[in-house]
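S.K.:
There are 2 protein chains.
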Amino acid sequence: MTKVRAGLAISADGFGAGPDQGLDNPLGKRGRELHDWQFGTRTFQNMIGKDGGSEGVDDDFCARGMRGFGAFIMGRNMFGPIRGDWPAEAWNGWWGPNPPYHAPVYVLTHYPRPPLVMGGGTTFHFTADSIETVLDRAKEAAGGRDVKIAGGMSTVRQYLRAGLIDELHFAISPVFLGRGESLLDGFDLPALGFAVTEQALTDKAMHVILTRG
Amino acid sequence: MTKVRAGLAISADGFGAGPDQGLDNPLGKRGRELHDWQFGTRTFQNMIGKDGGSEGVDDDFCARGMRGFGAFIMGRNMFGPIRGDWPAEAWNGWWGPNPPYHAPVYVLTHYPRPPLVMGGGTTFHFTADSIETVLDRAKEAAGGRDVKIAGGMSTVRQYLRAGLIDELHFAISPVFLGRGESLLDGFDLPALGFAVTEQALTDKAMHVILTRG
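Here the protein sequences line up with chains A and B, keeping their order.
Residue 9 in this note's numbering is what sits at position 9 of the first sequence, and the numbering runs on without skipping anything.
Residue 76 in this note's numbering is what sits at position 76 of the second sequence, and the numbering runs on without skipping anything.
(1) Count the CB pairs spanning the stretch 116 to 125 of chain B and the stretch 85 to 99 of chain B that are closer than 8 angstroms, and state whether there are at least three.
(2) Would you identify the three-state DSSP class for Ala128 (chain A), choosing helix, strand or coil?
(3) Closer than 7 angstroms by C-beta to Cys62 (chain A): which residues in its own chain qualify, once you throw out the five before and the five after it? Chain order, please.
(4) Are the C-beta atoms of Pro114 (chain B) and some chain A residue less than 8 angstroms apart?
(5) For a cutoff of 8 angstroms on Cβ pairs, would you count Arg179 (chain A) as touching chain B?
(6) Take Asp30 (chain B) as the anchor and find which of A:Ala12, A:Phe69, A:Gly49, A:Ala195 has the nearest alpha-carbon.
(7) If contact is defined by three or more beta carbon pairs under 8 angstroms, each pair taking one atom from either stretch, is the stretch 63 to 76 of chain A in contact with the stretch 104 to 112 of chain A?
(8) Taking C-beta to C-beta, are Gly58 (chain B) and Ala205 (chain B) nearer than 8 angstroms?
(9) Kindly list, in the order they appear in chain A, the residues whose Cβ is closer than 8 angstroms to that of Gly245 (chain B).
(10) Which residues, in chain order, does the stretch 134 to 159 of chain A contribute to contact with chain B at a C-beta distance below 8 angstroms?
(11) Could you check where the beta strand (DSSP E) with Ala173 (chain A) kicks off and where it finishes?
(12) Can you pull the chain A residues whose beta carbon is under 9 angstroms from the beta carbon of Ala6 (chain B), in chain order?
(13) Just to confirm the assignment, what range does the alpha helix (DSSP H) spanning Gln245 (chain B) have?
(14) By DSSP, does Glu55 (chain A) sit in helix, in strand, or in coil?
(15) Cβ closer than 7 angstroms: which chain B residues qualify as neighbours of Gln199 (chain A)?
(16) Going by DSSP, what residues sit across from His207 (chain A) in a beta bridge?
(17) Which partner residues does Val134 (chain B) have in the DSSP bridge list?
(18) Could you check whether the Cβ of Leu189 (chain B) sits closer than 8 angstroms to any Cβ belonging to chain A?
(19) Assign Met74 (chain B) to one of three DSSP states: helix, strand, or coil.
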């Protein structure tokens, strides 16, 4: 049974990315600090082609956030820093020739363009369809595996509001950004049917899994 | 040198108390869950007259939040569930005949009443003066020890906004309340001069100390 999952690295004051996102700051100013818990893990090091890295709880959550997915959905602002119409010289994503998805990735955008086939099994599909239609397509493509709502905040909020997410992983870091993209502002997760089903605190982050009942 | 400190137990989604506070729910619905990290500690058990309890990081933060203060300031809604004018049969606070403050406690209220002398050195002073005037009085009374802005959320927010708090302790629990009293909504702590100067995660809470530079 395909589950729809999302994983969010947020600050202690609730921001999932820093302000002023752009080419030099894909995660916004100070946004990297939200991911300190995963940079050192074996799974992350492995993803960027390196050996070593830590094992344990942080590594487990990092791995769970990347494995078991048959399709991904992301907002156009997560795919790249370009807004509006696509320039002639195409932007091919942040991730180089072999992105870490290895599956179809549906990019929500008001500016569709032809599919972009990358190495390692990743194809980016650009679509202006409704979030529901895109999710149906992603579920079908996932072939029984899970679908990940990969981000950013706006995309996750749209799917949350529509009641289409089954499981949320929060990795909360002891960091205060003050400004940026707020994830939960105005959301009442218990009222949306979510309850904490798992939790683990490491020396770097507080991990919480919420499941919709 | 007297420091002005506040300590807040908040949920992972930023609430410092649950909704529907009242006589049966002094911390609001589910508000007790924000304090799970301290109930089992030696300091807390000692405070309620019991032996035993855990030592370690949670206990250290619990102790730091109670010791070293020469005066306290709290909002009237923290002092009790009664709103508006005081009834003839006076409410004497939640804490019984020997409250855990052992120092003057200034209660901000639009409805002043005579001071209330309790056991163990605690006297509640009810004042309609400005938050600045009350803080000056509390600092003088503290005699070189620190002043604690004890709560609730509205009182802490007023002192934060006025730039009058030097140090904040957050104990963030892996709990999502969805509704309640939000502490930080609209606050940019880095812009107010706060930086994280200490952090420690236990199996129950993420502790962060922020200091104003």
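We treat Cβ as the ideally placed atom computed from N, Cα and C, and that holds for glycine.
Quick caveat: nothing in here was measured; it's all calculated off a predicted structure.
M.R.: To lay it out plainly:
(1) Two segments are said to touch when three or more pairs of C-beta atoms, one from each, lie closer than 8 angstroms; by this definition the stretch 116 to 125 of chain B touches the stretch 85 to 99 of chain B.
(2) Here residue 128 (chain A) corresponds to residue number 128 of the first sequence, with the count starting at 1. Ala128 (chain A): coil per DSSP, three-state reduction.
(3) The residue you call residue 62 (chain A) lines up with position 62 of the first sequence. Answer for Cys62 (chain A): Gln38, Thr41, Thr43, Phe44, listed in chain order.
(4) One-based indexing of the second sequence puts residue 114 (chain B) at position 114. Among the CB atoms of chain A, none fall inside 8 angstroms of the CB of Pro114 (chain B).
(5) Numbered from 1 along the first sequence, position 179 holds the residue referred to as residue 179 (chain A). It does: the Cβ of Arg179 (chain A) has a partner Cβ on chain B nearer than 8 angstroms.
(6) Locating residue 30 (chain B) in the second sequence gives position 30, counting from the first residue. For the record, residue 30 (chain B) in the displayed sequence is Arg; it is not Asp. Checked all of A:Ala12, A:Phe69, A:Gly49, A:Ala195; the closest Cα to Arg30 (chain B) is A:Ala195.
(7) yes
(8) As a first step, residue 58 (chain B) must be located in the second sequence, where it is residue number 58. As a first step, residue 205 (chain B) must be located in the second sequence, where it is residue number 205. For the sequence presented, residue 58 (chain B) should be read as Asp rather than Gly. For Asp58 (chain B) and Ala205 (chain B), yes; Cβs fall inside 8 angstroms.
(9) In the structure displayed, chain B extends from 1 to 213; residue 245 (chain B) sits before or after that span and is not available.
(10) none
(11) Along the first sequence, read from residue 1 onward, the residue named residue 173 (chain A) stands at position 173. First, the residue type needs correcting, since residue 173 (chain A) is Ser and not Ala in the sequence shown. Start and end: 167 to 173.
(12) The residue given as residue 6 (chain B) occupies position 6 in the second sequence. Neighbours of Ala6 (chain B) on chain A: none; closest Cβ ~14 angstroms, over 9 angstroms.
(13) Residue 245 (chain B) lies beyond the range of chain B shown here (1 to 213); nothing can be said about it.
(14) On the first sequence, residue 55 (chain A) is found 55 positions in, with the first residue counted as 1. Looking at Glu55 (chain A) - three-state DSSP - the assignment turns out to be coil, as it is neither helix nor strand.
(15) By one-based count along the first sequence, residue 199 (chain A) stands at place 199. Using a Cβ-Cβ cut-off of 7 angstroms, Gln199 (chain A) is close to Pro174 of chain B, given in chain order.
(16) The residue you call residue 207 (chain A) lines up with position 207 of the first sequence. Listed as beta-bridge partners of His207 (chain A) by DSSP are A:Ala171, A:Ala200.
(17) To locate residue 134 (chain B), count along the second sequence from 1; it is residue 134. Under DSSP, Val134 (chain B) shares a beta bridge with no residue.
(18) Residue mapping note: residue 189 (chain B) aligns to position 189 of the second sequence, counting from 1. Closer than 8 angstroms to some Cβ of chain A, the Cβ of Leu189 (chain B) qualifies, so yes.
(19) Stepping through the second sequence from its first residue, residue 74 (chain B) is reached at position 74. Correct three-state label for Met74 (chain B): strand.
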